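Be aware that the sequence shown starts at 388, since it is given in our numbering, and climbs by one per residue.
Worksheet: one structure, shown below.
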Amino acid sequence: MSDYPTESSDFAVQVVGAAIVDSLDGPRQILVARRSAPEALAGLWEFPGGKVEPEETCEQALQRELSEELGIESILGQEISGPLMQGWQLNDRAAMRVWTSEISAGNPQPLQDHSELRWVNLDETLLELDWIPADFPIVQTLLETL
């Protein structure tokens, strides 16, 4: 897969997510979040994040979402490039861009949309979690690139 998206896309909803690692310099673990809602996704694991508002850049939206959902501030690292201009397709209406991230302030708590947070080793055990199907290819790419 190329480092640069090659296919154009035009999704109505831009979503952003964070692959929060213990260290951007030498990542060994990732913080994953278990969804509490909606019912169809409850209990599945995902990258924390959310929708980009019209007045925000993707990076600003991700920082806001991490603050709202987990109560943290973070340093963004590299983007985990997806196959599309808008990142990774989630459904017919939405695509997600994902960045690596390291916590710079705060202690992560499941404040919104999540029932549990868990630090997981960045190895094959990460693939054993019950991921939201659209996030699974991103997890695989993350493991290949880190």
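Glycine residues also receive a C-beta, built at the ideal position from the N, C-alpha and C atoms.
Remember, it's a predicted structure, so these values are computed and weren't measured experimentally.
For a test of the three-state rule: what should DSSP assign to LEU529, helix, strand or coil?
LEU529 falls in the helix class under three-state DSSP.
Whose C-beta lies closer than 8 Å to the C-beta of SER423 among residues of the same chain, with five residues either side of it excluded?
ALA429, PRO497, ASP500, HIS501, SER502, listed in sequence order.
Apply the 10 Å Cβ neighbour rule to PRO435 and answer buried if 16 or more other Cβ atoms are within range, or exposed otherwise.
Classification for PRO435: buried.
Rounded to whole angstroms, what is the Cα-Cα separation between ASN508 and VAL419?
The alpha-carbon atoms of ASN508 and VAL419 are separated by roughly 10 Å.
Taking a contact to mean a Cβ-Cβ separation below 9 Å, would you say VAL403 touches VAL485 in this structure?
Their beta carbons are under 9 Å apart, which means VAL403 touches VAL485 by this criterion.
Could you give the residue range of the beta strand (DSSP E) that holds ALA482?
Element bounds for ALA482: 481 to 492.
Compare the beta carbon distance of ILE407 and PRO495 with 9 Å and say whether it is the shorter of the two.
Against a cut-off of 9 Å, the Cβ pair of PRO495 and ILE407 comes out as a contact.
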